[in-house]
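Just so you know, the sequences run in chain order B and X. If you're matching positions, the first sequence starts at 1 in the working numbering and goes up one per residue. If you're matching positions, the second sequence starts at 255 in the working numbering and goes up one per residue. Worksheet for the structure shown next.
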Amino acid sequence: MTLRTFSILFLCLLLAGCSSSGTWGWYVIDPTTKQGYNNIRFLLNGFGATILLSIIAAVLSMCIGLIVALPGMSHNRWLRMPSRIYIEFIRAIPLLPMLFWVFYGLPVVLKSMGINANIDAFWGAIITLAISDSAFTAEIYRSGIQSINKGQTEAAKTIGLNYSQTMRYIILPQAIKRILPPLANQFIYIVKMSAFASVIGMQELTRRANELVVTEYRPLEIYTLLILEYLVLVLIISFGVRWLERKMGADESK
Amino acid sequence: MAKAIEIKRLNKWFGSYQALKDIDLNVSHGERIVICGPSGSGKSTLIRCINSLEHHDSGEITVDDIELNQNKASIAAIGAEVGMVFQQFNLFPHLSVLQNLTLGPTKVRGLSRSEAEERAMRILERVQIPEQAYKQPSELSGGQQQRVAIARSLCMEPKIMLFDEPTSALDPEMIAEVLDVIVDLAEDGMTMIVVTHEMGFARRAADRMVFMDKGEIIEMGAPKDFFEAPKTKRCKTFLNQILQH
Ligand SMILES: Nc1ncnc2c1ncn2[C@@H]1O[C@H](COP(=O)(O)OP(=O)(O)OP(=O)(O)O)[C@@H](O)[C@H]1O
Ligand SMILES: [Mg+2]
Chain B
1 MTLRTFSILF LCLLLAGCSS SGTWGWYVID PTTKQGYNNI RFLLNGFGAT ILLSIIAAVL
61 SMCIGLIVAL PGMSHNRWLR MPSRIYIEFI RAIPLLPMLF WVFYGLPVVL KSMGINANID
121 AFWGAIITLA ISDSAFTAEI YRSGIQSINK GQTEAAKTIG LNYSQTMRYI ILPQAIKRIL
181 PPLANQFIYI VKMSAFASVI GMQELTRRAN ELVVTEYRPL EIYTLLILEY LVLVLIISFG
241 VRWLERKMGA DESK
Chain X
255 MAKAIEIKRL NKWFGSYQAL KDIDLNVSHG ERIVICGPSG SGKSTLIRCI NSLEHHDSGE
315 ITVDDIELNQ NKASIAAIGA EVGMVFQQFN LFPHLSVLQN LTLGPTKVRG LSRSEAEERA
375 MRILERVQIP EQAYKQPSEL SGGQQQRVAI ARSLCMEPKI MLFDEPTSAL DPEMIAEVLD
435 VIVDLAEDGM TMIVVTHEMG FARRAADRMV FMDKGEIIEM GAPKDFFEAP KTKRCKTFLN
495 QILQH
């Protein structure tokens, strides 16, 4: 569906470009010319960084999210509160300011604490994406875990399982089916938000497109290709998620 | 000999609502107690307090000389002696029947897998569904699921069993097969508290009847006296109502 709508839109744009000569200049990314070929290679080389950045940030976000979500469901108010505050606080910060704060501000904070850490663009972007996303993954875990019938916890308790055994053997295996699809959605979100890493100099897809625009002066073609690059990436993830959902759905009906 | 369960002046509130009022109840070893009473009278709450699924607000609960308090050690020690069967079975749907039965013994009691499976199979024989061991809970009938739930408790070798309306969620034709298993346990000398409205079962298996209403124990006595000569009006009315069905 998305693919069709988009391709129609894209074709219209393309045709519009042909009719009024001079507005499109596909030569910048024409693989048959040497310059176009080099440009394309330069742009596509950003895939590695975008993918790596997104995957590490997503994994970290899933870990932090779980660590935040579990005490958030405690009966103990003093365990619940920090989790709630973290989620509300992090969720309220726009990504870009947080990125600036981590990249430019955090090293200063660390230095004042006697830690001489240099945060490069790669890790600055990962930390920001992971933390910012973890508030959402925490909520996903919470709703997934709370959707499991309370009777399961009680039954686990009556056969003597402790909290972590109950989570590990009873709750999480059941909750994972409800958690995975929204987590995968978050992954798509991270992939798209990773574009912000370009503003602190991370050489990923968007940064490379920006740099090429500066030298080639063909923003329309280059950004069109950039959008297509993200589209391909996201579509691949979406198909993966569908496949995963179908596979788990099949397991469930077994 | 110490009592299996001693409850003294037990009180429990849900917010401002008092669900249990000054409950006193002693259960001897090997004794079979049946609790009945109208909906909302606190029957579930009472037995849930015994295995600390609910925290009581005041009073004492002592199980086999262990006093139940907020202390994790006492909760675990009592939990190890008490098994519980729920109205809704609460089987683990993602595990096979056998896995449902071996999880506790392997993870809590430290049995090897083969020891735990051997025990599980022995107990499945006892509840008469050994052929269901490798199925998923969802593939079983309600009566079979409840028998698996009983077996799961028995695999932990409890000294006391609590049943909270074990047959209320079952179709009529399956009630008997579950009650037979419970009677079999009772004849074997298991200490048990059964919340149920199955009065036929109560006559057959109970040593003592307990009638609760509005969070209080109203009447208590041997089944014969209880059914034939209830002392209180509330109890009479209740018995008339359920025996009419
Ligand atoms: N978690 C809870 N929070 C608030 N009120 C509760 C809770 N659990 C039970 N109650 C209330 O306590 C009272 C006793 O409930 P309980 O479940 O023990 O009754 P019961 O005798 O088991 O009834 P039933 O035959 O319907 O199972 C009811 O009024 C119920 O609404
Ligand atoms: Mg009840």
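No residue lacks a Cβ here, since even glycine has one placed at the ideal position from N, Cα and C. What you are looking at is a predicted structure, and each value in this text was computed from that prediction instead of being measured.
Valine 199 of chain B, DSSP secondary structure in three states: helix
Pull out every residue of the segment 287-321 of chain X whose Cβ sits closer than 7 Å to any Cβ of chain B, in chain order. Per Cβ criterion, the list reads Asn305, Leu307.
If you measure from the beta carbon of lysine 266 of chain X to each beta carbon in chain B, is any gap under 7 Å? no
Sub-7 Å separation of methionine 466 of chain X and serine 270 of chain X beta-carbons: no
Three-way DSSP call (helix, strand, coil) for leucine 70 of chain B in this model: helix
Do isoleucine 200 of chain B and glycine 124 of chain B have their C-beta atoms closer together than 7 Å? yes
Under 6 Å: does the beta carbon of alanine 273 of chain X sit that close to some heavy atom of ligand 1? True, at least one ligand heavy atom lies under 6 Å from that Cβ.
Distance CB(proline 182 of chain B)-CB(isoleucine 127 of chain B) smaller than 7 Å: no
Nearest-angstrom Cα separation, counted from arginine 80 of chain B out to serine 74 of chain B: 6 Å
Interfacial residues, the segment 120-141 of chain B to chain X, with Cβ spacing under 9 Å: none
Kindly give me the distance between the Cβ atoms of leucine 106 of chain B and phenylalanine 196 of chain B, rounded to whole angstroms, as I take these residues to be in contact under 8 Å. Not a contact, Cβ separation roughly 16 Å.
Going by beta-carbon coordinates alone, are lysine 326 of chain X and valine 351 of chain X separated by less than 7 Å? no
Compare the C-beta of lysine 361 of chain X against all C-beta atoms of chain B and say whether one is closer than 7 Å. yes
What is the DSSP secondary structure of alanine 273 of chain X, counted as helix, strand or coil? In this structure, alanine 273 of chain X counts as strand in the three-state DSSP scheme.
For the beta strand (DSSP E) containing tryptophan 78 of chain B, list its first residue and its last residue. From DSSP, tryptophan 78 of chain B is part of no beta strand (DSSP E) but of the alpha helix (DSSP H) over 77-92.
Short check: CB of valine 448 of chain X to CB of valine 288 of chain X, under 7 Å? yes
Residues of chain B with CB closer than 7 Å to the CB of arginine 380 of chain X, please, in chain order. Per Cβ cutoff of 7 Å: no residues; arginine 380 of chain X is ~17 Å from chain B at best.
Mind checking whether alanine 273 of chain X and glycine 469 of chain X have CB atoms under 7 Å apart? yes
Please specify which runs of the alpha helix (DSSP H), each continuous and at least 4 residues long, are wholly inside the segment 159-239 of chain B, giving them in chain order. 172-193, 205-216
For the segment 28-44 of chain B against the segment 208-226 of chain B, do three or more pairs of beta-carbon atoms, one drawn from each stretch, fall closer than 8 Å, so that the two count as touching? yes
Please report how far the alpha carbon of valine 241 of chain B lies from the alpha carbon of serine 368 of chain X, in whole angstroms. 38 Å
Near serine 21 of chain B, which residues of its chain fall below 6 Å by C-beta distance, leaving aside the five closest residues on each side in sequence? Residue placement at serine 21 of chain B is flagged as unreliable, the pLDDT there being 48, under the threshold of 50; a coordinate-derived value is accordingly withheld.
Considering Cα atoms alone, identify which of B/Thr33, B/Val214, B/Thr137 is closest to tyrosine 189 of chain B. B/Thr137
Let me check understanding here. Comparing Cα to Cα, which of X/Leu264, X/Ile277, X/Cys290, X/Ser282 lies closest to glutamine 495 of chain X? X/Cys290
With 16 other CB atoms within 10 Å as the buried threshold, where does glutamine 498 of chain X fall? exposed
Taking all protein chains shown into account, decide if asparagine 118 of chain B is buried (16 or more other Cβ within 10 angstroms of its Cβ) or exposed. exposed
Determine the direct distance from the alpha carbon of isoleucine 176 of chain B to that of phenylalanine 6 of chain B, and round the result to whole angstroms. If you take the alpha carbons of phenylalanine 6 of chain B and isoleucine 176 of chain B, they lie about 33 Å apart.
Counting Cβ pairs, one atom from each stretch, are 3 or more of them under 8 Å apart for the segment 328-343 of chain X and the segment 156-166 of chain B? Enough Cβ pairs lie closer than 8 Å, so yes.
Could you tell me if phenylalanine 417 of chain X is buried or exposed, where buried requires 16 or more neighbouring beta carbons within 10 angstroms of its beta carbon? buried
Less than 7 Å separating the beta-carbons of leucine 365 of chain X and asparagine 354 of chain X? no
Counting beta carbon pairs with one atom in the segment 310-323 of chain X and one in the segment 484-491 of chain X, are three or more of them shorter than 8 Å? no
State yes or no: is the beta carbon of alanine 155 of chain B nearer than 7 Å to at least one beta carbon in chain X? yes
Should arginine 91 of chain B and alanine 135 of chain B be called a contact, given that it needs their Cβ atoms to be closer than 7 Å? yes
Shorter than 6 Å, the distance from the beta carbon of serine 298 of chain X to the closest heavy atom of ligand 2, or not? yes
6 Å CB neighbourhood of serine 54 of chain B in its chain, flanking five on each side removed: Ile190, Val191, Ser194
Less than 6 Å separating the Cβ of glycine 294 of chain X from some heavy atom of ligand 1? yes
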